[in-house]
Amino acid sequence: MNELTGLPSATIHRHLGMTGDDDTSHLEDYLDADFIIVDEFSMVDTWLANQLFSNISSNSKILIVGDSDQLPSVSPGQVLADLLHIPLIPQTRLEKIYRQSEESTIVTLASQIRQGILPADFTQKKADRSYFEIASGHIPATIEKILGAALRSGIPARDIQVLAPMYRGTAGIDAVNQLMQDLLNPPQKDQLSFEAPQCHYRKGDKVIHLVNDAEINVFNGDLGAITDLIPGKYTESKQDEIVIDFDGNEVSYPRNEWYKIRLAYAMSIHKSQGSEFPVVILPITSASRRMLERNLIYTAITRAKSKLILLGELQAFDYATQHIGTARKTYLIERFSDLLENVEEKQPAVSETATSSASEQSYILTEENWTSIPAMIGITDADLKEIFGK
1 MNELTGLPSA TIHRHLGMTG DDDTSHLEDY LDADFIIVDE FSMVDTWLAN QLFSNISSNS
61 KILIVGDSDQ LPSVSPGQVL ADLLHIPLIP QTRLEKIYRQ SEESTIVTLA SQIRQGILPA
121 DFTQKKADRS YFEIASGHIP ATIEKILGAA LRSGIPARDI QVLAPMYRGT AGIDAVNQLM
181 QDLLNPPQKD QLSFEAPQCH YRKGDKVIHL VNDAEINVFN GDLGAITDLI PGKYTESKQD
241 EIVIDFDGNE VSYPRNEWYK IRLAYAMSIH KSQGSEFPVV ILPITSASRR MLERNLIYTA
301 ITRAKSKLIL LGELQAFDYA TQHIGTARKT YLIERFSDLL ENVEEKQPAV SETATSSASE
361 QSYILTEENW TSIPAMIGIT DADLKEIFGK
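Here you go:
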């Protein structure tokens, strides 16, 4: 968001002063903003939404952006999906895709899966996606071959991301992480490494942060690289420490905080939400059947910017596409029902052809004021011509 808008941005947790140990906001006043944009709102659960809205003044405006067809929040609620069913709240569906090119078949595939359709050409090779029918036990070897071919073609290792539904199993995240670490960052003679419960950490390893840590400005899902390993005899904590660089933010993790990180050559689809990668490798088999749902596959596919490589069993992809999953029981829509009735009862009768001059004046954009209104900054005449077709 910083790069796209040039405006200051941070996570909800950061703005509300919430830490990993305390999920309650302690702000003494409302957020200091007239216009607030919240992206990836499908990831926001009921509690976090409550904390956010409780800290926004009624004088502020909020723009919620998200894709309700992606995975809902890990914690209770489906706030975005529910809000979209409340007619009182204005909404706009964005149709133009910017992550992939206009010719991308990844976009077409994602759209069809979102509608519950596994297309007839799913297994056919396309310019930007491929499918390989592979049994679960052979997926690691296949990933090794694909990885080698990608590197030989000049694709940087950092651009390649494996996404998977489960941690365990021969095609699970843990096994694939071990494989890819050995391929991309193999152990060197006399190289220092630290043993952890699930792996050995080495300098250069790709890792993911697993919790929200507002105090150090690192959050759940952030990706980084290990830049140093420091033995305990050289640290103030007297513990082995791992130093990780998160886009210029270097953080040290003593051994008792290693539960916050893990290798990220392969990562869960849930953790990938909100991110994008040039090349995505997606292994799906019946071994992870209990996890397979349409929004899971849709989310994974839409993470790919340029190349999507699908591995596994066609029947597993088909099952995931057809399986909507268990509906969450939420009551957000019902809580708006009385409000909607009151609004309809109090709505004044207004002529279809006439409005009051005072009301009209407050909504008129002029040459003098149009660039000063926050919501209009960055919108050009060309943008408006495209919207209205004139």
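Mapped onto full-length UniProt numbering, the consecutive letters of the sequence shown carry residue numbers 1 to 390. Cβ atoms here follow ideal geometry from the backbone N, Cα and C, with glycine treated the same way.
- Query: Out of curiosity, what's the CA-to-CA distance linking Ala264 and Ile281?
  - Reply: Here the alpha carbon of Ala264 sits roughly 13 angstroms from the alpha carbon of Ile281.
- Please report the Cβ distance between Pro72 and Arg328, rounded to the nearest whole angstrom; I am assuming they are in contact, meaning their Cβ atoms lie under 8 angstroms. Contact flag correct, Cβ pair sits at about 7 angstroms.
- Query: Quick one: what does DSSP say Leu16 is sitting in, helix, strand or coil?
  - Reply: Looking at Leu16 - three-state DSSP - the assignment turns out to be helix.
- Query: Since Leu184 and Ala157 are thought to touch, with beta carbons under 8 angstroms apart, how far apart are those beta carbons, to the nearest angstrom?
  - Reply: About 5 angstroms separates the two Cβ atoms, so the contact holds.
- N- and C-terminal bounds of the alpha helix (DSSP H) containing Ser315: It is worth fixing the name first, because residue 315 is Gln in this sequence and not Ser. Gln315: member of the alpha helix (DSSP H) spanning Leu314 to Gln322, first to last residue.
- Message: With the cut-off set at 9 angstroms, would you say Leu163 and Ile269 are in Cβ contact?
- Response: Yes. Within cutoff.
- Query: Taking Cβ to Cβ, would you say Ser57 is nearer than 9 angstroms to Leu31?
  - Reply: One thing to note: Ser57 has its Cβ within 9 angstroms of the Cβ of Leu31.
- Anticipated Cβ contact below 8 angstroms, Asp128 with Ile106, distance rounded: Contact holds; Cβ gap of about 6 angstroms.
- Message: Once DSSP output is grouped into helix, strand and coil, what is the label at Met43?
- Response: Helix.
- Task: Under 6 angstroms Cβ to Cβ from Asp245, same chain only, skipping five residues before and after it: list those, please.
- Result: Counting only residues of its own chain and dropping the five nearest sequence neighbours on each side, Asp245 has a CB closer than 6 angstroms to the CB of Gly224, Ala225 and Thr227.
- Task: Could you spell out the range, first to last residue, of the beta strand (DSSP E) harbouring Lys206?
- Result: Secondary structure note for Lys206: its beta strand (DSSP E) is the uninterrupted segment Lys206 to His209.
- Query: In three-state DSSP terms, what is Ser60?
  - Reply: Note: Ser60 maps to coil in three-state DSSP.
- Query: Is Pro87 buried or exposed, if buried means 16 or more other CB atoms sit within 10 Å of its CB?
  - Reply: The residue is exposed, with fewer than 16 neighbouring Cβ atoms inside 10 Å.
- Item | Buried or exposed by the 16-neighbour rule on C-beta atoms within 10 Å, applied to Met18 | The residue in question, Met18, is buried, as its Cβ has 16 or more Cβ neighbours within 10 Å.
- Query: What alpha helix (DSSP H) runs, 4 residues minimum, are completely inside the region 276-314?
  - Reply: Taking only runs of at least 4 residues, the alpha helix (DSSP H) segments lying wholly in the region 276-314 are 294-301.
- Message: Going by DSSP, what residue range makes up the beta strand (DSSP E) through Ser193?
- Response: It spans Ser193 to Glu195 - the beta strand (DSSP E) in which Ser193 sits, taken as one unbroken run.
- Query: Between the C-alpha atoms of Pro140 and Val176, what's the straight-line distance to the nearest angstrom?
  - Reply: Straight-line measurement puts the Cα of Val176 at about 6 angstroms from the Cα of Pro140.
- Task: State the start and end residues of the unbroken beta strand (DSSP E) segment that holds Asp182.
- Result: Per DSSP, Asp182 belongs to no beta strand (DSSP E); it is in the alpha helix (DSSP H), Ile173 to Leu184.
- Do Leu192 and Lys206 have their C-beta atoms closer together than 9 angstroms? No. Outside cutoff.
- Task: Tell me whether Ile160 sits in a helix, a strand or coil according to DSSP, three-state version.
- Result: The answer is strand: DSSP assigns Ile160 an E or B state.
- Please confirm if Gly325 has its CB atom under 9 angstroms from at least one CB of chain C. Given the protein chain composition of this structure (a single chain), no chain C is represented.
- Message: If distances are taken between C-alpha atoms only, which option among Tyr201, Met43, Phe219 and His323 comes closest to Ile242?
- Response: Comparing alpha carbon positions, the residue from Tyr201, Met43, Phe219 and His323 closest to Ile242 is Tyr201.
- Just reading off the beta strand (DSSP E) that Asp228 is part of, what are its end residues? Bounds of the beta strand (DSSP E) holding Asp228 are Leu223 to Ile230.
- For Asn256, is the classification buried or exposed, using 16 other Cβ atoms within 10 angstroms of its Cβ as the cut-off for buried? The residue is exposed, with fewer than 16 neighbouring Cβ atoms inside 10 Å.
- Of the choices Ala135, Ala49 and Ile134, whose alpha-carbon is the least far from that of Gln78? Of the listed residues, the one whose Cα sits closest to Gln78 is Ala49.
- Message: Across the region 304-324 and the region 132-139, are there enough close Cβ pairs to call them in contact, namely three or more that are closer than 8 angstroms?
- Response: The region 304-324 is in contact with the region 132-139.
- For Lys126, which residues from the same chain have a beta carbon less than 7 angstroms from its beta carbon, with the 5 sequence-adjacent residues on both sides left out? Around Lys126: Thr105.
- Item | Endpoints, the alpha helix (DSSP H) within which Leu4 is located | First-last of the alpha helix (DSSP H) with Leu4: Asn2 to Thr5.
- Task: In angstroms with no decimal places, state the Cα-to-Cα distance between Arg152 and Tyr319.
- Result: Their backbone Cα atoms lie some 34 angstroms apart in a straight line.
- For the region 75-109, which segments carrying the alpha helix (DSSP H) assignment without a break, of at least 4 residues, lie completely within its bounds, in sequence order? Runs of the alpha helix (DSSP H) inside the region 75-109: 79-83.
- Item | Cβ contact check for the region 211-221 and the region 232-240: 3 or more pairs under 8 angstroms | Contact annotation: the region 211-221 does not touch the region 232-240, with fewer than three C-beta pairs closer than 8 angstroms.
- Return helix, strand or coil for Ser252, following the three-state DSSP convention. Correct three-state label for Ser252: strand.
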